[in-house]
Every structure is written in structure tokens, then in C-alpha cells.
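The working numbering numbers the first residue of the sequence shown as 2 and each following residue consecutively.
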Amino acid sequence: MSTGPLAAALERAERALCLSNPNPRVGCVLVAPDGREIGSGHTQQAGGPHAEVMALRDAQARGESTAGATAYVTLEPCSHHGRTPPCCDALIAAQVARVVVATTDPNPRVAGQGLQRLRAAGLAVELLPGDHPIARGSRELNIGFFSRMVRGRPWVRMKMAASLDGITALPNGQSQWITGEAAREDGHRWRARACAVLTGAGTVLEDNPRLDARLPGLLRQPHLAVIDSRLDTPPTARLFEPPHGGLPRQRWFFHADPAAARAAALRERGADTLPMPGANGKVDLGGALQELGRREVNELHVEAGAKLNASLLREGWVDELLVYLAPRLLGQGAGMAPFGPLERLADGVALRWLDTLPVGIDLRLRARLEGRDAFLMDR
Numbered sequence: 002m003s004t005g006p007l008a009a010a011l012e013r014a015e016r017a018l019c020l021s022n023p024n025p026r027v028g029c030v031l032v033a034p035d036g037r038e039i040g041s042g043h044t045q046q047a048g049g050p051h052a053e054v055m056a057l058r059d060a061q062a063r064g065e066s067t068a069g070a071t072a073y074v075t076l077e078p079c080s081h082h083g084r085t086p087p088c089c090d091a092l093i094a095a096q097v098a099r100v101v102v103a104t105t106d107p108n109p110r111v112a113g114q115g116l117q118r119l120r121a122a123g124l125a126v127e128l129l130p131g132d133h134p135i136a137r138g139s140r141e142l143n144i145g146f147f148s149r150m151v152r153g154r155p156w157v158r159m160k161m162a163a164s165l166d167g168i169t170a171l172p173n174g175q176s177q178w179i180t181g182e183a184a185r186e187d188g189h190r191w192r193a194r195a196c197a198v199l200t201g202a203g204t205v206l207e208d209n210p211r212l213d214a215r216l217p218g219l220l221r222q223p224h225l226a227v228i229d230s231r232l233d234t235p236p237t238a239r240l241f242e243p244p245h246g247g248l249p250r251q252r253w254f255f256h257a258d259p260a261a262a263r264a265a266a267l268r269e270r271g272a273d274t275l276p277m278p279g280a281n282g283k284v285d286l287g288g289a290l291q292e293l294g295r296r297e298v299n300e301l302h303v304e305a306g307a308k309l310n311a312s313l314l315r316e317g318w319v320d321e322l323l324v325y326l327a328p329r330l331l332g333q334g335a336g337m338a339p340f341g342p343l344e345r346l347a348d349g350v351a352l353r354w355l356d357t358l359p360v361g362i363d364l365r366l367r368a369r370l371e372g373r374d375a376f377l378m379d380r
């Protein structure tokens, strides 16, 4: 089986990185019986065409016939009516003869049914082994989608910016800017790929951020989720301002037991106030993540203060860390996530390095909590 076109399809899927949420990032390449590529495409915005349809349209625009062609797709074609008709039907109608798929779709509404539907229509269907690099690449690209479908909650990526000695803010609260401009721009790219950004009321009150993705050419903005036990966020907070590009976004406030007047004031600004009471007057973080999963959040990008960071880590809800370290020492101040104290070194949070990358004057580190991506491995 030639996987060259599948590698090209995976490159196309990466173009949907900041575009297709909450749908998976999928690419498709069509190859004629004589081996020529005749069409390609990737998934568009939610409600728009999927990768297979885009590739078929591309072939049509080129004046190419798709009869007898092979479709190389990075994720199993859908077999159900969602926001769009089934991609299986589009491939069948286009008289494609063969479909090569990188990995199956974890969505219970698909989950092998797409492959069965194609075979039932007489198409030859091939599926890569689960450990094939392209299959793994497709699942990794869609780690949030797989997380939501398999675990019922988003993939939680916690972003932190600190000095080399782990300080995120001075004792007087000053934190802007510890890292350089290139690191901040890179952070915006990670925001843009997420379905939602999560922060806490403390960060809102101290920094008054917008927490939008400020990059040129964006067609969607991540939604915003705030952990705010008492709904202390003022209705005048900057996060209610239109985000970059004027694009729509939803704002969800998870609270424990707020005053009705506070909830009403935030709802007047267009926010959803969601009761999620936990212990000691705090928000049930696990319940909040499950609700975000129900609201189709795949990747959740956390930009919060030390207290909320520590709570998320202590309760085991973080999957991955995205840390920017500046080449300076600050001595005293707020730490990244001061949970504990621990009695044994073995009780620390075990991590696995993913990559390290210089970003401008700073260093970007990515690490994943051990075992958190096990749901990806045996698909």
C-alpha cells in the first residue's frame, strides 16, 4: 500500500488546525487510476464541507473525473447526518473505487460504520495499522476530538510563562511581560487551535485580559470558560469586549453559589452562568470539564493563575503542559502551580517530554502527563 498520498492528506489536515473545531482536522487526497493527484482538500469551518467533499470539488474544478479514483483520507469518512450530509455518500456518488483511511473515527455515530457503508457499496477499503506513523499522526492532530469522544472531556493543555527559576509574577503582582514577544505570539497560536480558553476569576480581576487569539486571518475564535465560584467577574471586564476580528465567541462562567444579581448582570453581557458546586464553596472542576465536553470543546487551553493551576494539577485534570521559560531569574514571587506539600518525591506529577524549542529569546517546553494519551494508542 502506497502511503505517500496519505502523508500529503495529513499535511492538508494540518491546515484545518485553527479552522474546523469542533469537527476533527481531516485531509483528503484523490488519486486517479494512472497515479495522478486530481484533487485535495481539508475540513472547513463547522457546518461547512468536510475534507472529502472539498477534494471532490477540487477535482471537479480541475475538470478531472473521479470515477475509479482512490481517496486517501486521514480519518474514517462520516456515515451520519450531522451539520452536513455523510461523506460516505459523497464518495459513493462520485464513483470512487477505493478508499484508504489512516484511522477510524472514535465518534460512536461513526466508529467503523463509515468503513462498512463504503464496503457495502462495493468500494475497496483499506485501513492503516494502528501503529503506523500516519495513523498516529492523525490521532495526535485530533487529540482533543479523540479525548472528547473517548473520555467525554476535553484534552486539557495548561500554558504557563515563567522565569528560569519558575516565577510567574513578582510579589507585587507584576507579570507583564516575563517572556518576549515571540513567545507571546506563539502562545496566541496555541490559543487559536483550542476550542476554548479556560481561566479563573483571580486572573480576570488581577490582569483584566481579553484572552482572545490575536493573529491575522483567523476565521474563528476560541470560546471562553471562567472558573468563578462567587461570580466576582465585573460586567465591565475586558473579556466581554469583541475579540480580535469581531468574531463570535461564547463565554461560560462556572460558579458554586452566586448571588442572583451577579448572575443576572453577567447574563446581560451575553454570558452563560453554569452552576457547578463542589466542596468548600468551590467549583467542581471535573464537572466543569464534563460540561465543556458536552459543549463540544475538544482542546481546552488553560491560562490561569497559580491557585487554579495547582487545583487542576492536584485533582488530576491536566493532560499536557506548555511552558515558556524566560532567560532571567526573579528570585521571589508566585510559582507556576504550588500544590502540595508532598512527603515523597515519588508523589510528584510524572511527565514525559514532548519537545523543546527556542522561541525568540525564550525556551518553549512541552510535556505530557504519563499515561494520559493511552486512549490514542490502540485505536
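From the three backbone atoms N, C-alpha and C, an ideal C-beta is built for every residue, glycine too.
Tell me residue i's beta-bridge partners as DSSP assigns them.
{"i": "residue 201", "result": "228"}
{"i": "residue 274", "result": "254"}
{"i": "residue 207", "result": "The partner list for residue 207 (beta bridge, DSSP) is empty, contrary to what the question assumes."}
{"i": "residue 357", "result": "366"}
{"i": "residue 266", "result": "Bridge partners of residue 266: none, in fact."}
{"i": "residue 29", "result": "42, 74"}
{"i": "residue 327", "result": "164"}
{"i": "residue 335", "result": "170"}
So, for residue i: in the same chain, excluding its five sequence neighbours on each side, which residues have a beta-carbon less than 7 Å away from its beta-carbon?
{"i": "residue 283", "result": "230, 257"}
{"i": "residue 49", "result": "none"}
{"i": "residue 211", "result": "239, 240, 242, 244"}
{"i": "residue 209", "result": "238, 239"}
Consult DSSP for residue i and reduce its assignment to one of helix, strand or coil.
{"i": "residue 381", "result": "For residue 381 there is no data in the structure shown, the boundaries of the chain being 2 and 380."}
{"i": "residue 367", "result": "strand"}
{"i": "residue 189", "result": "helix"}
{"i": "residue 301", "result": "strand"}
{"i": "residue 375", "result": "helix"}
{"i": "residue 294", "result": "helix"}
{"i": "residue 242", "result": "coil"}
{"i": "residue 247", "result": "helix"}
{"i": "residue 343", "result": "coil"}
{"i": "residue 151", "result": "helix"}
{"i": "residue 127", "result": "strand"}
{"i": "residue 321", "result": "strand"}
{"i": "residue 286", "result": "helix"}
{"i": "residue 260", "result": "coil"}
{"i": "residue 170", "result": "strand"}
{"i": "residue 352", "result": "strand"}
Apart from the five residues on each side of it in sequence, which residues of its chain come closer than 8 Å, Cβ to Cβ, to residue i?
{"i": "residue 250", "result": "213, 222, 223, 224, 225, 244"}
{"i": "residue 120", "result": "126"}
{"i": "residue 352", "result": "322, 368, 369, 370, 371"}
Could you name the residues of the same chain whose beta carbon sits closer than 6 Å to that of residue i, not counting the 5 residues immediately before and after it, in chain order?
{"i": "residue 322", "result": "159, 368"}
{"i": "residue 197", "result": "223, 224, 226, 298, 301"}
{"i": "residue 34", "result": "69"}
{"i": "residue 199", "result": "226, 301, 303"}
{"i": "residue 88", "result": "51, 53, 78, 79"}
Under 8 Å, Cβ to Cβ, is there at least one residue of chain D near residue i?
{"i": "residue 259", "result": "The chain labelled as chain D is not found in the depicted structure, where only one protein chain is given."}
Segment contact flag, the stretch 170-187 with the stretch 52-67, C-beta cutoff 8 Å, min 3 pairs: no
Minimum length 3: unbroken beta strand (DSSP E) runs contained in the stretch 40-114: 71-74, 99-102
Three or more C-beta pairs below 8 Å linking the stretch 284-301 and the stretch 327-341: no
Cβ pair count under 8 Å reaching 3, the stretch 368-377 against the stretch 137-153: yes
Cβ pair count under 8 Å reaching 3, the stretch 97-117 against the stretch 62-70: yes
The stretch 20-39 in contact with the stretch 159-171 per 3-pair CB rule at 8 Å: no
The stretch 344-351 in contact with the stretch 182-190 per 3-pair CB rule at 8 Å: no
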